Amino acid sequence: MKRVLILTADSNTGYPVPATKGGAVSELVENLIVSNELEYTYNFEVISLFDQKAVDESLKFKNTRFHWVKTNFIIRFLDTLVFTLAKIVLRERSKSFKSMVMLLNYIRNARRILKRNNYDHVIIENNMLLFWALKGLKKYQGKYYYHAHNLPRTNAFMNKTLLNTQKVLTVSDFVKNEIVDGDTKFPAIKKNKVEVLFNRIDLNHFKVLPNNCVSNLREKYNLKATQKVLLFAGRLSWEKGIDKIIDAIQLLKDENIKLLIVGSVLHGSARLEKDDYVNSLRKKIEQIGDKVVFTGYISYKDMPTIYNLADIAILPSMWEEPAGLTPIEAMACGTPVITTNSGGIPEYVSDSAIVLNRDNNLAKNIATEINKLIQDDNYYMEYKYRGLKRVLYYDSIEYARVLKKTLI
């Protein structure tokens, strides 16, 4: 049985695997190792940042060994110091320095593990800096892969190592084409070395639930039985298009709808109070009164209940979304989706969601589609069942098997 090592540390806050603190990449890696439990394909090993809950969760995995990298007080202190200085000097570009010392410590530990062992494959998850763990280790020539979940912001001065990557695995054809076209931080990589490995979700987790599972949530958020619930999940940022949904609701003038904004808040931090985009959102929301409900943070494990509560999920991404799992998660819960032709999203949803152009008519078109879904039961059920059929392509139970076809 082949041994596969997975390097997972991100550049911002360090989400562990298993994904006890969330994090999109960590959740996808967990889906991969879960699928390997069901169909034993590889001896996986994962280098993860230490978290006690993650350690406890890891005990259920029989086919994966975990290496834990601890972050001590000195590292946390140095990270705080570096990030403070970066904010002063670099301002908006300081985010990448939030956990730089922690990341360097992770790389040092990963390098030690790589030297001590002999792996058949090494997968680097979405962080170019992790290539430093491989620098000069000739025994891994032709054995390492880069799993690109988005377009990289830096090549980490590792062009030569990148060029020797056995394959770059991307989460969509959109990301693949951007890399092959050469307009990224990647060096010029041949098309035959870039392959798509689509993201997957756990369909035992994201599924249609009975009505009694969401009745308590209706009470919690003060939603009447007759009200239609629109859902937006994501950051309050221009990229996610929340302002387009508010504009659409203003156009509808329907008193029987509520917009549930999941995972974000409108107040509560100095950063939000200074954000021009958020301030403009506040003014828009004030104009539609009590039609908006903020849930605050919702854990990943509770998201299926939220999707089931919603009648329609509206996810009008304005930037080039690399893949976009949120529409797939909503569709798996039987919730029709309105989204945009952003990046890799159309590849994932195909004709199973309502995909709109990102133009000056977007808010108006969102309003039109909301109205059609509310008024026309046949139209609503068509998209509900199209979505349920489409998500079968993204069942995480197949993840390890599909990966096996990709690794050489």
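Count along the sequence shown from 1, add 2, and you get the number used in my numbering. Quick reminder that beta carbons are idealized off the backbone N, C-alpha and C, glycines included. Values in this document were obtained by computation on a predicted structure and should not be read as measured data.
Original post:
Rounded to the nearest angstrom, how far is the Cβ of F234 from that of I251, given a contact under 8 Å?
Top reply: As a position in the sequence shown, residue 234 is number 232, starting the count at 1. As a position in the sequence shown, residue 251 is number 249, starting the count at 1. Their Cβ separation, rounded to whole angstroms, is 11 Å, which puts F234 and I251 out of contact at 8 Å.
Original post:
Out of D292, Y382, L317, Y381, which has the shortest C-alpha to C-alpha gap to N359?
Top reply: Sequence index remark: in the sequence shown, residue 359 carries index 357 (1-based). Scanning D292, Y382, L317, Y381 for the CA closest to the CA of N359 turns up L317.
Original post:
With 16 as the cutoff for other CB atoms within 10 Å, does K169 come out buried or exposed?
Top reply: Locating residue 169 in the sequence shown gives position 167, counting from the first residue. Classification of K169: buried, given that the 10 Å Cβ count is 16 or more.
Subject >> Sufficient close CB pairs (3 or more, under 8 Å) joining the stretch 370-379 to the stretch 168-185 >> reply: Verdict: no, contact absent.
Original post:
Looking at G243 and M333, is the spacing between their C-beta atoms short of 7 Å?
Top reply: Working through the sequence shown from its first residue, we reach residue 333 at position 331. Working through the sequence shown from its first residue, we reach residue 243 at position 241. Result no, Cβ atoms of M333 and G243 do not sit closer than 7 Å.
Original post:
In whole angstroms, what is the alpha-carbon distance linking Y21 and N367?
Top reply: Counted from its first residue, the sequence shown places residue 21 at position 19. Counted from its first residue, the sequence shown places residue 367 at position 365. The sequence as given places Ala at residue 21; Tyr does not occur at that position. Rounded to whole angstroms, A21 and N367 show a C-alpha spacing of 37 Å.
Original post:
Could you give the residue range of the beta strand (DSSP E) that holds E197?
Top reply: Within the sequence shown, residue 197 is the residue found at index 195, counting from 1. In the DSSP annotation of this structure, the continuous segment of the beta strand (DSSP E) that includes E197 starts and ends at 196-198.
Subject >> alpha helix (DSSP H) segment containing E384, residue limits >> reply: Sequence index remark: in the sequence shown, residue 384 carries index 382 (1-based). For E384, the enclosing alpha helix (DSSP H) has its first and last residue at 379-392.
Original post:
Do N310 and V216 have their C-beta atoms closer together than 7 Å?
Top reply: Residue numbering aside, residue 310 sits at position 308 when the sequence shown is read from its first letter. Residue numbering aside, residue 216 sits at position 214 when the sequence shown is read from its first letter. In this structure, N310 lies near V216, with their beta-carbon atoms less than 7 Å apart.
**OP:** Determine contact between the stretch 393-404 and the stretch 33-51, defined as no fewer than three beta-carbon pairs at a distance below 8 Å.
**Re:** Yes, the stretch 393-404 touches the stretch 33-51.
Original post:
Which of the three DSSP states, helix, strand or coil, is assigned to E47?
Top reply: Against the sequence shown, residue 47 aligns to sequence position 45. Residue state, collapsed to three classes: strand.
**OP:** Label F486 either buried or exposed according to how many other C-beta atoms from any shown protein chain fall within 10 Å of its C-beta, with 16 as the threshold for buried.
**Re:** Outside the shown range of the chain (3 to 410) lies residue 486, about which nothing can therefore be said.
Original post:
Among P338, V124, H151, D378, which one has its Cα closest to the Cα of D353?
Top reply: By one-based count along the sequence shown, residue 353 stands at place 351. Measuring C-alpha to C-alpha distances from D353 to each of P338, V124, H151, D378 identifies P338 as the nearest.
**OP:** For L233, write down the residues that DSSP places opposite it in a beta bridge.
**Re:** Within the sequence shown, numbered from 1, the residue matching residue 233 stands at position 231. DSSP, once it has assigned bridges, lists L262, A315 as partnering L233.
Subject >> Contact belief for T341 with A355 at Cβ below 8 Å, rounded distance in angstroms >> reply: Residue 341 sits at position 339 when you count from the first residue of the sequence shown. Residue 355 sits at position 353 when you count from the first residue of the sequence shown. Yes, they are in contact, since the Cβ atoms of T341 and A355 sit about 5 Å apart, within 8 Å.
Original post:
By DSSP, does Y299 sit in helix, in strand, or in coil?
Top reply: As a working mapping, residue 299 is identified with position 297 in the sequence shown. For Y299, the three-state secondary structure derived from DSSP is coil.
Original post:
What are the boundary residues of the alpha helix (DSSP H) that Y279 is part of?
Top reply: As a first step, residue 279 must be located in the sequence shown, where it is residue number 277. Here the alpha helix (DSSP H) through Y279 covers 278-289.
Original post:
Helix, strand or coil for R67 per DSSP?
Top reply: Sequence index remark: in the sequence shown, residue 67 carries index 65 (1-based). It is a strand residue.
Original post:
Where E29 and R237 are concerned, what is the direct C-alpha to C-alpha distance, given to the nearest angstrom?
Top reply: As a working note, residue 29 is residue 27 in the sequence shown. As a working note, residue 237 is residue 235 in the sequence shown. Each residue's alpha carbon lies about 18 Å from the other.
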